[in-house]
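Asks:
Number of protein chains: 2
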Amino acid sequence: MPAPCTIGIDVGGTKILGLALDPLAPQRPLAEREVASAHGGANLIAQVETMVRGLWSDVAPRSVGAVGIGLPGLVTLRGVLRVGPNLPGIVDVDLLAVLAPTLGVPMAVDNDGNCAAWAEARCGAARGNDDALFVGLGTGISCGLVVDGRVVRGAHGFAGEPGHMTIVPGGTACACGRLGCWEAYASGTGLANLARRAAVEGRLDGVLRRIGGRLAALRGEHVTAAAVEGDGEAAAVIAEFARWVAIGLSNLANVLDPSAIVLGGTMMDLGAILLEPIRAAFAREALELGLRSHTQVVGAQLGRRAGAVGAGLLALPPSV
Amino acid sequence: MPAPCTIGIDVGGTKILGLALDPLAPQRPLAEREVASAHGGANLIAQVETMVRGLWSDVAPRSVGAVGIGLPGLVTLRGVLRVGPNLPGIVDVDLLAVLAPTLGVPMAVDNDGNCAAWAEARCGAARGNDDALFVGLGTGISCGLVVDGRVVRGAHGFAGEPGHMTIVPGGTACACGRLGCWEAYASGTGLANLARRAAVEGRLDGVLRRIGGRLAALRGEHVTAAAVEGDGEAAAVIAEFARWVAIGLSNLANVLDPSAIVLGGTMMDLGAILLEPIRAAFAREALELGLRSHTQVVGAQLGRRAGAVGAGLLALPPSV
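From first to last, the protein sequence lines are chains A and B. Note that this note's numbering has the first sequence beginning at 1, numbered continuously upward. Note that this note's numbering has the second sequence beginning at 1001, numbered continuously upward.
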């Protein structure tokens, strides 16, 4: 009789990914489902419930012992999603209150960055590290902190939002309405900002030619694609981007002194073309790195599944 | 028969403060000693040992159950001081290895910011808070983090050094050799930097007149003293300073989501003239403060004794 499995759901702005996991081998899902995200809180709850029941039937006759859900936004300690920048119109959604009674198993609801951090710390790139950060570089920056082997949630549940550290007072406008946030420089949005400035200043002519000179169409992907193909100007913009990423990582290292900094998110699908310049820049930016012999910057191992794996693992009782 | 007391020693760049404490009432020391700091690692160890033995005899016939020592610098998880910016010539000092055998009681050696944070969280301004930050504004910025009721040390013991977060890339030179650290803007040194710039730009004429127009002599204390006396230009520089402090506090709140941010250090002896502008600036800088109903910025309660009190408490077994 195999142990009960755990179900992990990762809610994103565009899609919802669900996994059924064996707690003893969570990196190899037993079942996987994905749907496009609907709008509105009620639809979100219905979609999650449908996906959980679907995964439950996928693994039958095996039982399900826990369900975890990761949400992209500020999630309280009681699992209520207060706001999510990529979930327009969804405010104060309490998945736990609706789903826990009907599902009848232990549930956890947490921020998606916390989930990804927990997954990478338990069975990914930071396995064996009690002090680890996950930093996800996508449209924005998601993050989760593990300190002394536990996820840090803070007093309200909102810990781990370094994307909105001010690193340039009065700097580039951020989606949050403030100026000079790390996310405005060191995310996909940040790379697009840097690329536009470089193009205007004539430092990205090759890339601009490829897209017909339409500055407004310039995106981060154009720069990374050109860098992969050996465009020197694009590589220079990537190096500039890497420095901005490293400034924030160095700030986090000064505050938390982790042994593993795991870089994930959709941008890191590019691999070494981003990871290596970020590592090099971190080695220049970090304070007293010579004394921090255990601190490593590594690429995530669980990829797009990290959030769902971590959500499933966070729902398990601590002893498992 | 009263419980054994604990001894806490706070080593600073200019003086060493020692307290004998009743663990049940640590805010009222049983004995107190202070000496000027000598130079050199061997002298430091001898001074600390002399002070411990002195305090021990001060409280006789009561017994001593533990000794804790706070050091101003990077202290490893095993209690070795690697480097301390205000302890010139003192590198890789292992107080524990020398003193633990001769004293024969449990000992703790930790960073002084960690000690102060622990003291304020246990019996000071953050009492009752499981998630608290201590930020000490003096010549530099010292700090300690309490998360989930425990001091955060990180993978090497170097957590809690936000003074060296980069908040202005390429900005003002910091004592650490890097550019644009928070400490270069939001410490006593930072206030002096801001004051000199204001004076050069003709925004601090009254203060400059008082010190005979000698720009090189201008210090932060001149600005705070003038602000206390109602000088509007000085108050404007204090407001500017408060914004820099708040930027760093906001960054820390985004990362750690504390319920209490305790401001201490020698600068905070000034009280409301600094605390109120910092609170006002934090309310403007912080992200989603409306959702962080528990987050308060408060003045430290233990003053110059915080480090020694916390060192003594950290040396106690966890159950006390």
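Ideal placement from N, C-alpha and C gives every residue a C-beta, glycine not left out.
Find the residues of chain B that neighbour G138(A), judging by a C-beta separation of less than 8 Å, and give them in chain order.
Replies: Correct list: empty, because the minimum Cβ distance to chain B is about 18 Å.
Asks: From G1265(B) to G1070(B), what distance separates their C-alpha atoms?
Replies: Each residue's alpha carbon lies about 15 Å from the other.
Asks: So, for D1058(B): in the same chain, excluding its five sequence neighbours on each side, which residues have a beta-carbon less than 8 Å away from its beta-carbon?
Replies: Only A1020, L1030, A1031, R1033 meet the Cβ criterion.
Asks: Spell out a yes or no on whether the region 1120 to 1131 of chain B and the region 1298 to 1312 of chain B are touching, meaning 3 or more CB-CB pairs, one atom from each, closer than 8 Å.
Replies: Short answer: they touch.
Asks: If we ignore side chains and look at the alpha-carbon of each, how far apart do V320(A) and G40(A) end up?
Replies: The predicted model places V320(A) with a pLDDT of 44, which falls under 50 and marks its position as unreliable; any figure quoted below should be read in that light. About 35 Å.
Asks: For E229(A), which option in V207(A), G212(A), R243(A), A246(A) has the closest C-alpha, if you only look at C-alpha atoms?
Replies: Nearest option by C-alpha distance: V207(A).
Asks: Please tell me whether E1161(B) has its Cβ less than 8 Å away from any Cβ of chain A.
Replies: Yes - at least one Cβ of chain A is within 8 Å of the one on E1161(B).
Asks: For N1111(B), report the span of its alpha helix (DSSP H) as first-last.
Replies: Not the alpha helix (DSSP H): N1111(B) falls in the beta strand (DSSP E), residues 1107 to 1111.
Asks: So is V200(A) buried or exposed if we call it buried at 16+ other beta carbons inside 10 Å?
Replies: Exposed: under 16 other Cβ atoms inside 10 Å.
Asks: Any idea what DSSP makes of Q27(A), helix, strand or coil?
Replies: Three-state DSSP puts Q27(A) in coil, outside helix and strand.
Asks: Just to confirm the assignment: which complete alpha helix (DSSP H) runs, minimum length 4, are found wholly within the region 73 to 105 of chain A?
Replies: As far as the region 73 to 105 of chain A is concerned, its whole alpha helix (DSSP H) runs of at least 4 residues are 95 to 103.
Asks: What's the gap between the Cα of G1013(B) and the Cα of Q1047(B)?
Replies: One C-alpha to the other measures close to 13 Å.
Asks: Name the residue from L289(A), N114(A), A192(A), A97(A) whose alpha carbon lies nearest to the alpha carbon of P106(A).
Replies: Out of L289(A), N114(A), A192(A), A97(A), A97(A) has the C-alpha closest to the C-alpha of P106(A).
Asks: On the CB-based measure, 16 or more other CB atoms within 10 Å of its CB, does S1259(B) come out buried or exposed?
Replies: Buried, because 16 or more other Cβ atoms sit within 10 Å of the Cβ of S1259(B).
Asks: Measuring only between beta-carbons, confirm whether A155(A) sits less than 8 Å from chain B.
Replies: Yes, because at least one Cβ of chain B sits closer than 8 Å to the Cβ of A155(A).
Asks: Any Cβ of chain B within less than 8 Å of the Cβ of E229(A)?
Replies: With 8 Å as the cut-off, E229(A) does not count as an interface residue toward chain B.
Asks: Residues of chain A with a CB under 9 Å from the CB of C1176(B): which are they?
Replies: Within chain A, the residues near C1176(B) are L287, E288.
Asks: Can you round the beta-carbon distance between S1159(B) and L256(A) to whole angstroms, since I take them to be within the 8 Å contact cut?
Replies: Note that residue 1159(B) is Ala in the sequence shown here, rather than Ser. Confirmed, about 5 Å.
Asks: Against chain B, does V320(A) count as a neighbour if the rule is that its beta carbon must be under 8 Å from one of theirs?
Replies: Confidence at V320(A) is low in this model, with a pLDDT of 44, below 50, so the placement of that residue should be treated as unreliable; the coordinate-derived value is given next. False, the Cβ-Cβ gap to chain B never drops below 8 Å.
Asks: Is it buried or exposed for N254(A), if we count other Cβ within 10 angstroms and need 16 for buried?
Replies: Burial call: buried.
Asks: Our contact map puts M51(A) next to G73(A) with C-beta atoms below 8 Å; I'd like the distance itself, whole angstroms only.
Replies: With a Cβ gap of about 19 Å, M51(A) and G73(A) do not count as contacting.
Asks: Can a CB atom of chain A be found closer than 8 Å to the CB of I1045(B)?
Replies: Not one chain A Cβ lies under 8 Å of I1045(B).
Asks: Just tell me which of V1151(B), L1179(B), G1138(B) has its CA closest to the CA of L1324(B).
Replies: Residue 1324(B) falls outside the range modelled here, since chain B spans only 1001 to 1320, and no answer is possible.
Asks: Along the chain, where does the beta strand (DSSP E) containing I167(A) start, and where does it finish?
Replies: Counting along the chain, I167(A) falls outside any beta strand (DSSP E), and DSSP gives it neither H nor E.
Asks: Given this structure, state the Cα-to-Cα distance separating V1309(B) from C1005(B), to the nearest angstrom.
Replies: The straight-line gap from Cα to Cα measures roughly 12 Å.
Asks: Start and end of the alpha helix (DSSP H) containing A217(A)?
Replies: Unbroken run through A217(A): none, as it is neither H nor E.
Asks: Along chain B, in chain order, which residues have C-beta atoms closer than 7 Å to that of N254(A)?
Replies: Correct list: E1161, P1162, H1164, M1165.
Asks: Using the beta-carbon count (16 or more within 10 Å), is G188(A) buried or exposed?
Replies: So G188(A) ends up on the buried side.
Asks: Taking its Cβ as the centre, do 16 or more other Cβ atoms sit within 10 Å of S1250(B), making it buried, or is it exposed?
Replies: Buried, by the Cβ-count rule.
Asks: Spatial neighbours of G1011(B) within its chain, please: C-beta separation below 6 Å, excluding the five flanking residues on both sides.
Replies: According to the sequence displayed, residue 1011(B) carries Val and not Gly. Excluding sequence neighbours, V1011(B) sits near L1071.
Asks: Which residues in chain B have a C-beta closer than 8 Å to the C-beta of P4(A)? List them in chain order.
Replies: Neighbours of P4(A) on chain B: none; closest Cβ ~28 Å, over 8 Å.
Asks: Taking the DSSP output, what are the residues bridged to V135(A)?
Replies: In DSSP, V135(A) forms a bridge with C143(A), L263(A).
Asks: Is R1304(B) close to chain A, meaning its C-beta is less than 8 Å from at least one C-beta of that chain?
Replies: No, no contact with chain A.
Asks: Give me, in chain order, the residues of the same chain whose beta-carbon lies closer than 6 Å to that of V1093(B); leave out the 5 immediate sequence neighbours on both sides.
Replies: Closer than 6 Å at Cβ, skipping near neighbours: G1041, L1081.
Asks: Count the other C-beta atoms from every protein chain shown that fall within 10 angstroms of the C-beta of R1153(B), then say buried if there are 16 or more, exposed otherwise.
Replies: Buried.
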